[in-house]
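Visitor: Before I ask anything, let me first share the structure, which is written out below as structure tokens.
Residue numbers (this note's numbering): 33 to 175.
In structure tokens, the structure reads:
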């Protein structure tokens, strides 16, 4: 089976660091595969918070993750600090992809590349919604 290939984020919109907790570590002593999406979630929340948004309120609409992919590139361990960079790609009427890259500050090696596809969601009507114009305009102005 061919390995998936993810591009690193191109236009970096946000940077943050996260330290690996014991809950992120598996029985092999390194970061477990389940931790990658949990870390991406934290990075996404921090990015939205920096814009005064939440996952449930971006100009009146929420977002939901529609798909995800992870490339594991190097081992990382309990206590390691990962430097994350976040960028957006593949904008469409209903959402966009978020690209993440994580580099170990201990080894300077890139450890992860993650992509999460998100779509806007109207929680009152329980359906996918077009991206809010004010949000897309704000993103366009920042890139």
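Even for Gly, the Cβ is constructed at its ideal location relative to N, Cα and C.
Predicted model, so just to flag it, every value in this text is computed and none were measured.
Report back the beta-carbon spacing between residue 160 and residue 97 to the nearest angstrom; my notes put them in contact at under 8 Å.
Guide: The pair is not a contact, with the Cβ atoms about 12 Å apart (cut-off 8 Å).
Visitor: Reducing DSSP to helix, strand and coil, say where residue 145 ends up.
Guide: The answer is strand: DSSP assigns residue 145 an E or B state.
Visitor: If you draw a straight line from the alpha carbon of residue 132 to that of residue 59, how long is it in whole angstroms?
Guide: Cα-Cα distance, rounded: 25 Å.
Visitor: Can you list, in chain order, the residues of its chain whose CB lies under 7 Å from that of residue 39, leaving out five sequence neighbours each side?
Guide: Contacts found: 131.
Visitor: May I ask you to report which of helix, strand or coil DSSP gives residue 167?
Guide: In the structure shown, residue 167 sits in a helix (DSSP, three-state: H, G or I).
Visitor: Any contact of the region 121 to 140 with the region 82 to 91, i.e. 3+ C-beta pairs under 8 Å?
Guide: Contact between the region 121 to 140 and the region 82 to 91 is absent, because fewer than three Cβ pairs lie under 8 Å.
Visitor: When the distance is taken between beta carbons, is residue 134 closer than 8 Å to residue 152?
Guide: Taking 8 Å as the Cβ cut-off, residue 152 and residue 134 do not qualify as a contacting pair.
Visitor: Which residues in the same chain as residue 88 place their Cβ atom closer than 6 Å to its Cβ, once the five residues preceding and following it in sequence are excluded?
Guide: The residues are 94.
Visitor: For residue 76, count neighbouring Cβ atoms within 10 angstroms of its own Cβ and tell me buried if that reaches 16, exposed if not.
Guide: The residue is buried, with at least 16 neighbouring Cβ atoms inside 10 Å.
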